[in-house]
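*Asks:* Residue numbers (my numbering), protein chains in the order written: chain C, 8 to 96; chain Z, 0 to 177. C-beta: ideal position from N, C-alpha, C; glycine also. On a predicted model such as this, the values are computed, not experimentally measured, just so you know. I have a structure here, written as structure tokens, and I will follow up with some questions on it.
Structural data, given as structure tokens:
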């Protein structure tokens with residue numbers, strides 16, 4: 008799967024917010040913000056195809072977390088990204 | 000003096016209760032969302048950048064300085080950049096480095112612009128044309144969207160400006176209704 012065209016991750020002070028630049032109007036009244044680990048994963052796969060397993064491996068490399076927890080968390084996160092239209096297969 | 004103000008305000012609220020009933024705020028936040036505030040300078044810097052790239056931007060408005068036309072916690076505005084700005088336009092301007100205001104242009108002298116919030120009784124700001132990042136093109140209220148070039152709205156804005164000598168008292172009443 009891949010991150011959809013038209014989304015960029017911007018850091019505003021300490022917040023990582025997703026800005027949808029694909030359309031003329033940008034709705035800043037409802038922003039999606041990512042926590043630190045989600046932002047780390049987003050940046051790591053911003054311009055390429057990825058799988059949940061790859062994201063889980065990245066998490067394990069960067070943070071102290073066991074493989075199964077990492078995979079579960081990644082699957083949950085990716086599901087919400089898909090629901091928000093950020094990612095498609 | 001404060002006691003007197005409180006008494007008058009309470010009386011007004013009582014008298015104007017029917018109007019207040021229909022005027023409830025709604026801030027459009029769904030149960031799954033949280034209200035989150037970003038610091039003005041960084042956030043509006045990002046908004047300005049996108050406006051300069053040709054996007055339009057919808058933002059919540061913070062503060063009371065644009066009452067009664069824009070109400071904090073209730074209204075959003077759509078911003079667009081333009082090639083020129085005029086007296087009466089509500090604009091986003093960077094009046095000092097990193098310091099933004101969303102106020103109305105009340106005077107233009109050549110390149111120098113004077114701004115004032117609709118809800119401000121004293122205090123104006125100055126900047127140049129180049130400091131203006133965009134203007135309000137839509138006032139987005141819970142129940143309707145008002146276009147900035149709506150004739151009725153423009154008339155009300157002009158009227159509000161003419162009533163500047165008694166603005167303080169009008170705002171006092173407005174706050175009681177709100």
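Quick one: does residue 164 (chain Z) have its CB under 8 Å from some CB of chain C?
*Replies:* The sequence position of residue 164 (chain Z) within the second chain is 165, counting from 1. No, residue 164 (chain Z) lies away from the interface with chain C (no Cβ there is under 8 Å from its Cβ).
*Asks:* Can you give me the C-alpha to C-alpha distance between residue 25 (chain Z) and residue 61 (chain Z), rounded to a whole angstrom?
*Replies:* If you number the second chain from 1, residue 25 (chain Z) lands on position 26. If you number the second chain from 1, residue 61 (chain Z) lands on position 62. The pLDDT assigned to residue 25 (chain Z) is 48, lower than 50, so where the model puts this residue is not dependable, and the model offers no usable value.
*Asks:* Would you please verify whether the beta carbon of residue 89 (chain C) is less than 8 Å from any beta carbon of chain Z?
*Replies:* The residue you call residue 89 (chain C) lines up with position 82 of the first chain. Not one chain Z Cβ lies under 8 Å of residue 89 (chain C).
*Asks:* Taking contact to mean 3 or more Cβ pairs, one atom from each stretch, closer than 8 Å, check whether the region 22–41 of chain C and the region 62–70 of chain C are in contact.
*Replies:* In short, these stretches do not touch, since the Cβ pair count stays below three.
*Asks:* For residue 91 (chain Z), tell me which candidate among Z:36, Z:74, Z:116, Z:7 has the shortest Cα-Cα distance.
*Replies:* The count along the second chain starts at 1 and reaches residue 91 (chain Z) at position 92. Closest option to residue 91 (chain Z), Cα to Cα, is Z:116.
*Asks:* Say whether chain Z places a C-beta atom closer than 8 Å to the C-beta of residue 35 (chain C).
*Replies:* In the first chain, residue 35 (chain C) corresponds to position 28, counting from 1. It does: the Cβ of residue 35 (chain C) has a partner Cβ on chain Z nearer than 8 Å.
*Asks:* Quick one: grab the DSSP three-state call for residue 82 (chain Z).
*Replies:* By 1-based counting over the second chain, the position of residue 82 (chain Z) is 83. Three-state DSSP puts residue 82 (chain Z) in coil, outside helix and strand.
*Asks:* So is residue 80 (chain Z) buried or exposed if we call it buried at 16+ other beta carbons inside 10 Å?
*Replies:* Translated into positions along the second chain, residue 80 (chain Z) becomes position 81. Classification for residue 80 (chain Z): buried.
*Asks:* So residue 78 (chain C) and residue 50 (chain C) are supposed to be a Cβ contact under 8 Å. How far apart are they, rounded?
*Replies:* Counting from 1 along the first chain, the entry for residue 78 (chain C) is found at position 71. Counting from 1 along the first chain, the entry for residue 50 (chain C) is found at position 43. In fact, because the Cβ distance is near 20 Å, the residues do not count as touching under 8 Å.
*Asks:* Between the region 104–124 of chain Z and the region 60–75 of chain Z, can you find at least three pairs of beta-carbon atoms closer than 8 Å?
*Replies:* The region 60–75 of chain Z vs the region 104–124 of chain Z: in contact.
*Asks:* Hey, quick one: how far does the beta strand (DSSP E) through residue 93 (chain Z) stretch, first residue to last?
*Replies:* Indexing the second chain from 1 puts residue 93 (chain Z) at position 94. Note, residue 93 (chain Z): beta strand (DSSP E), 89–95.
*Asks:* Helix, strand or coil for residue 108 (chain Z) per DSSP?
*Replies:* If you number the second chain from 1, residue 108 (chain Z) lands on position 109. In the structure shown, residue 108 (chain Z) sits in a strand (DSSP, three-state: E or B).
*Asks:* For residue 137 (chain Z), tell me which candidate among Z:130, Z:131, Z:145 has the shortest Cα-Cα distance.
*Replies:* As a first step, residue 137 (chain Z) must be located in the second chain, where it is residue number 138. Answer by Cα proximity: Z:145.
*Asks:* Does residue 85 (chain C) have its Cβ less than 8 Å from a Cβ in chain Z?
*Replies:* One-based indexing of the first chain puts residue 85 (chain C) at position 78. With 8 Å as the cut-off, residue 85 (chain C) does not count as an interface residue toward chain Z.
*Asks:* Counting beta carbon pairs with one atom in the region 75–92 of chain C and one in the region 6–13 of chain Z, are three or more of them shorter than 8 Å?
*Replies:* The answer is no - the region 75–92 of chain C does not touch the region 6–13 of chain Z, with fewer than three Cβ pairs under 8 Å.
*Asks:* Between which two residues does the alpha helix (DSSP H) carrying residue 64 (chain Z) extend?
*Replies:* Here residue 64 (chain Z) corresponds to residue number 65 of the second chain, with the count starting at 1. Note, residue 64 (chain Z): premise wrong, no alpha helix (DSSP H); not H, not E.
*Asks:* Taking the C-alpha atoms as reference points, what is the distance between residue 48 (chain Z) and residue 54 (chain Z)?
*Replies:* On the second chain, residue 48 (chain Z) is found 49 positions in, with the first residue counted as 1. On the second chain, residue 54 (chain Z) is found 55 positions in, with the first residue counted as 1. If you take the alpha carbons of residue 48 (chain Z) and residue 54 (chain Z), they lie about 9 Å apart.
*Asks:* Give me the chain C residues within the contact set of residue 55 (chain Z), using Cβ-Cβ distance strictly less than 8 Å, ordered along the chain.
*Replies:* Within the second chain, residue 55 (chain Z) is the residue found at index 56, counting from 1. Those are 31, 32, 33, listed as they occur along chain C.
*Asks:* Please list, in chain order, all residues of the same chain as residue 162 (chain Z) whose beta carbon is under 7 Å from its beta carbon, the five residues on each side excluded.
*Replies:* Looking up residue 162 (chain Z) in the second chain gives position 163. Answer for residue 162 (chain Z): 169, listed in chain order.
*Asks:* Taking CB distances under 8 Å as the criterion, tell me whether residue 41 (chain Z) reaches chain C.
*Replies:* Within the second chain, residue 41 (chain Z) is the residue found at index 42, counting from 1. It does; some Cβ of chain C falls within 8 Å.
*Asks:* With C-beta atoms as the reference, is residue 73 (chain Z) less than 8 Å away from residue 89 (chain Z)?
*Replies:* Indexing the second chain from 1 puts residue 73 (chain Z) at position 74. Indexing the second chain from 1 puts residue 89 (chain Z) at position 90. No; because the gap between Cβ atoms is not below 8 Å, this pair is not in contact.
*Asks:* Answer yes or no: do residue 99 (chain Z) and residue 40 (chain Z) have a C-beta to C-beta separation smaller than 8 Å?
*Replies:* If you number the second chain from 1, residue 99 (chain Z) lands on position 100. If you number the second chain from 1, residue 40 (chain Z) lands on position 41. Result yes, Cβ atoms of residue 99 (chain Z) and residue 40 (chain Z) sit closer than 8 Å.
*Asks:* Whose CA, out of Z:96, Z:43, Z:112, lies closest to the CA of residue 78 (chain Z)?
*Replies:* Counted from its first residue, the second chain places residue 78 (chain Z) at position 79. Measuring from the Cα of residue 78 (chain Z), the nearest candidate turns out to be Z:43.
*Asks:* Verify the CB distance criterion: does residue 20 (chain C) have a CB-CB separation below 8 Å to chain Z?
*Replies:* Counting from 1 along the first chain, the entry for residue 20 (chain C) is found at position 13. Chain Z, which has a Cβ nearer than 8 Å to the Cβ of residue 20 (chain C), makes this yes.
*Asks:* Any beta carbon from chain Z within less than 8 Å of residue 28 (chain C)'s own beta carbon?
*Replies:* Taking the first chain and counting its residues from 1, the one referred to as residue 28 (chain C) is at position 21. Yes, residue 28 (chain C) lies at the interface with chain Z (some Cβ there is under 8 Å from its Cβ).
*Asks:* Could you check whether residue 95 (chain C) and residue 8 (chain C) sit closer than 8 Å to each other, using their CB atoms as the reference points?
*Replies:* By one-based count along the first chain, residue 8 (chain C) stands at place 1. By one-based count along the first chain, residue 95 (chain C) stands at place 88. Yes, Cβ-Cβ distance for residue 8 (chain C) and residue 95 (chain C) is below 8 Å.
*Asks:* Hey, could you find the ends of the beta strand (DSSP E) residue 40 (chain C) is sitting in?
*Replies:* Here residue 40 (chain C) is taken as the residue at index 33 of the first chain, counted from 1. Taken as a continuous stretch (DSSP letters only), the beta strand (DSSP E) holding residue 40 (chain C) covers 39–41.
*Asks:* Using 10 angstroms around the beta-carbon of residue 53 (chain C), count the other beta-carbons present and answer buried if the total reaches 16, otherwise exposed.
*Replies:* Within the first chain, the letter at position 46 stands for residue 53 (chain C). Classification for residue 53 (chain C): exposed.
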